[in-house]
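Following the working numbering, the numbering of the sequence shown begins with -1 at its first residue and continues without gaps.
Beta carbons are placed, not taken as given, at the ideal position from N, Cα and C, and that holds for glycine.
Only a predicted model underlies this, so the values are computations on that prediction, with no experimental measurement involved.
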Amino acid sequence: MGRTVVVLGGGISGLAASYYLSRAPCPPKVVLVEGSERLGGWIRSVRGPDGAIFELGPRGIRPAGALGARTLLLISELGLDSEVLPVRGDHPAAQNRFLYVGGALHALPSGIRGLLRPSPPFSKPLFWAGLRDLTTPRGKDPDETVHSFAQRRLGPEVASLAMDSLCRGVFAGNSRELSIRSCFPSLFQAEQTHRSILLGLLLGAGRGPQLDSALIRQARAERWSQWSLRGGLETLPQALNAHLTSRGVSVLQGQPVCGLSLQAEGRWKVSLEDSSLEADHIISAIPASVLSKLLPAEAAPLARALSTITAVSVAVVNLQYRGARLPVQGFGHLVPSSEDPVILGIVYDSVAFPEQDGSLPGLRLTVMLGGSWLQTLEARGCVLSQELLQQEAEKAAATQLGLNEPPSHCLVHLHKNSIPQYTLGHWQKLESAAQFLAAQKLPLTLAGASYEGVAVNDCIESGRQAAARVLGTEPNS
């Protein structure tokens, strides 16, 4: 009788793990268990009354690097090439990104010429930050906060404006708490290997074998900065679900896991609300802190390590305006914590993906709210009403973009504990977990955003690598 692998969590990581397991030459029996009634996790696309697409989670995927190429390969395998909406390299959404500082929008410099010119909000051309990086010695600590690393290598302004904003935009987190080693491993490795961020990024880590497909070649030739899907990014988890069903994978929805226990013969018992499953191996693609509460007593050291990987909440407010125009054209803007503790940034959805605007002319924006403001309100037990979040979002659109008319359509969603925080020393938690799993020979593999990357590409790769470990095939680099 063949092995049974139970995959916990039907977000993109769990779907990817199930997909790669199901495509093995001799696939095990795969059961995907999702606690909620829908698949896709934080990837969710909603169609408005005029057909406009509103993304409640991620809205674009980067094609760059090996992981970006691998996701494009997945898209082709699923037959979705014709649904892809690319943002080409010459498009304003690819070329223009902004910071909102001092009550004004400032374009981030790009290209060599941009680095040599004065570029507000920075007091000096960013060339000087590059020079500082080239002359700063390598750090000696095994980890460092993003703020400390950036301040040491690039100066206080880059640290407090650019890197602070970037941490808020990607992790909804605090650069003074987040780990450079875990949040931006390419920057950390660049310093370790080449003693300089710039040299490391220019020289690279050496290219492995490149993946190839018509879509990957097109993305490279046209220098895509990102891409989406015509019906929204949720098309991807929906296509994965359809593929899994066609391959005989059992997909259980609305079945929260209540507990995990090890049986005498080394198999798992997965307890659901009114039934149970048996598994030879488990891939957990649920949040680390959730898994920590399900593990049996024998895995207490693992549970302790996982329970310390926390996550923060983010409010996403989708706004649509009739007949409105933006003061600038670009991808969007980020807001440093010193400027506004409430607003993380605003994405100009209609600029990047006008094909999703619907039948009536309008402007779509997404306002992200979070940070210390949201954490403080949650800690106090305050009720975060939709009215409050909408009010803050509309105020930001008016103040920061001059959109003073009320929106014609608005969606408000609070994603509780949605973005894991890789705080200082996160790598040690992962090492501790890996050592315990190896020493105890536990048939459990960890996947998902809690560990090594929160972007969609990272999550898909984490699912692929988990499947490869279970199948005994080493994942390609």
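In terms of alpha-carbon separation, which member of the options lies closest to residue i?
i: Ala447; options: Ile417, Leu250, Leu19; result: Ile417
i: Pro215; options: Ile195, Asn172, Asp79; result: Looking at the sequence shown, residue 215 is not Pro but Arg. Comparing Cα positions, the closest option is Asp79.
i: Gly33; options: Pro107, Ala14, Val365, Ile284; result: Ile284
i: Arg81; options: Leu176, Trp225, Phe125; result: With the sequence shown as reference, residue 81 is identified as Glu, and Arg is not the correct amino acid for it. Comparing Cα positions, the closest option is Trp225.
i: Gln522; options: Leu197, Gly230, Glu450; result: Look at the range of the chain in this structure, -1 to 475, and you will see that residue 522 is not part of it.
i: Asn94; options: Gly171, Phe329, Leu132, Leu159; result: Phe329
i: Cys457; options: Val4, Tyr17, Thr2, Arg1; result: Tyr17
i: Ala219; options: Gln253, Ala67, Glu376, Thr306; result: Ala67
i: Asp131; options: Pro56, Pro140, Val156; result: Val156
i: Leu382; options: Pro405, Leu412, Gly400; result: Leu412
i: Val288; options: Thr69, Leu444, Gln261; result: Leu444
i: Val99; options: Pro207, Asp338, Ser177; result: Asp338
i: Val255; options: Val326, Leu13, Val31, Cys408; result: Val31
i: Leu37; options: Gly46, Gln253, Ile73; result: Gln253
i: Thr198; options: Leu185, Gln208, Ser305; result: It is worth fixing the name first, because residue 198 is Gly in this sequence and not Thr. Measuring from the Cα of Gly198, the nearest candidate turns out to be Leu185.
i: Asn172; options: Ser146, Leu196, Pro183; result: Ser146
i: Ala92; options: Leu70, Ala160, Ala217, Gly39; result: Ala217
i: Pro441; options: Ala188, Leu399, Ser259, Cys380; result: Ser259
i: Lys188; options: Ser180, Thr374, Pro23, Gly202; result: A small fix is needed here, since residue 188 is Ala in this sequence, not Lys. Out of Ser180, Thr374, Pro23, Gly202, Gly202 has the C-alpha closest to the C-alpha of Ala188.
i: Leu159; options: Pro183, Ala262, Ala127; result: Ala127
Just curious, the beta strand (DSSP E) that residue i is in, first and last residue?
i: Ile280; result: 279 to 282
i: Trp225; result: 224 to 227
i: Ile307; result: No beta strand (DSSP E) contains Ile307, which DSSP labels as neither H nor E.
i: Tyr98; result: 96 to 99
i: Thr2; result: 2 to 6
i: Lys267; result: 266 to 270
i: Ser259; result: 255 to 260
i: Lys414; result: 407 to 418
i: Glu385; result: Run containing Glu385: none in the beta strand (DSSP E); it sits in the alpha helix (DSSP H), 384 to 399.
i: Gly461; result: Counting along the chain, Gly461 falls outside any beta strand (DSSP E), though it belongs to the alpha helix (DSSP H) covering 454 to 469.
i: Ala105; result: 102 to 105
i: Thr374; result: Where Thr374 is concerned, there is no enclosing beta strand (DSSP E), although the alpha helix (DSSP H) it sits in stretches over 369 to 377.
Using 8 Å for Cβ pairs, my map puts residue i next to residue j. What's the rounded Cβ distance?
i: Leu367; j: Ala396; result: Leu367 to Ala396, Cβ: 15 Å. No contact.
i: Val29; j: His279; result: That belief does not hold up - the Cβ atoms of Val29 and His279 are roughly 11 Å apart, past 8 Å.
i: Ile281; j: Val5; result: 5 Å
i: Arg362; j: Gln318; result: 5 Å
i: Arg323; j: Gly360; result: So it is not a contact: roughly 11 Å between Cβ atoms.
i: Arg150; j: Asp347; result: With 8 Å as the limit, Arg150 and Asp347 do not qualify as a contact, their Cβ atoms being about 36 Å apart.
i: Ser163; j: Leu97; result: 6 Å
i: Gly476; j: His407; result: Nothing about residue 476 can be reported from this structure: the residues present for the chain run from -1 to 475 only.
i: Val315; j: Leu387; result: 6 Å
Can you tell me where the alpha helix (DSSP H) with residue i in it begins and where it stops?
i: Cys24; result: No alpha helix (DSSP H) contains Cys24, which DSSP labels as neither H nor E.
i: Asn172; result: Careful: Asn172 lies outside any alpha helix (DSSP H) and carries neither H nor E.
i: Ile10; result: 10 to 20
i: His192; result: 183 to 192
i: Gly112; result: 109 to 114
i: Val476; result: Examination of residue 476 is not possible in this model, given that the chain is present from -1 through 475 alone.
i: Gly246; result: Element bounds for Gly246: n/a, residue is neither H nor E.
i: Thr443; result: From DSSP, Thr443 is part of no alpha helix (DSSP H) but of the beta strand (DSSP E) over 442 to 444.
i: Leu197; result: 195 to 201
Around the C-beta of residue i, are 16 or more other C-beta atoms found within 10 angstroms, so that it is buried, or is it exposed?
i: Arg136; result: exposed
i: Arg111; result: exposed
i: Arg42; result: buried
i: Val85; result: buried
i: Glu35; result: exposed
i: Glu142; result: buried
i: Glu232; result: buried
i: Thr364; result: buried
i: Thr133; result: exposed
i: Asp88; result: exposed
i: Thr421; result: buried
i: Pro235; result: buried
i: Asn402; result: exposed
i: Lys427; result: buried
i: Ser20; result: buried
i: Ser108; result: exposed
i: Gly0; result: exposed
i: Arg462; result: buried
i: Leu129; result: exposed
i: Pro404; result: exposed
i: Ser460; result: buried
i: Arg378; result: exposed
i: Thr243; result: exposed
i: Ala394; result: buried
i: Leu537; result: Because the chain is modelled from -1 through 475, residue 537 falls outside the range shown and cannot be assessed.
Next on the checklist: Within 8 Å, do at least three Cβ pairs link the stretch 57 to 65 to the stretch 369 to 379?
Outcome noted: no
Next on the checklist: For the stretch 192 to 200 against the stretch 44 to 60, do three or more pairs of beta-carbon atoms, one drawn from each stretch, fall closer than 8 Å, so that the two count as touching?
Outcome noted: no
Checklist entry - If we count Cβ pairs, one from each stretch, closer than 8 Å, do we get three or more for the stretch 419 to 436 versus the stretch 292 to 300? => result yes
Checklist entry - Does the stretch 343 to 359 touch the stretch 113 to 124, meaning 3 or more C-beta pairs lie closer than 8 Å? => result no
Checklist entry - Can you find at least 3 beta carbon pairs, one from the stretch 165 to 178 and one from the stretch 339 to 347, that sit closer than 8 Å? => result yes
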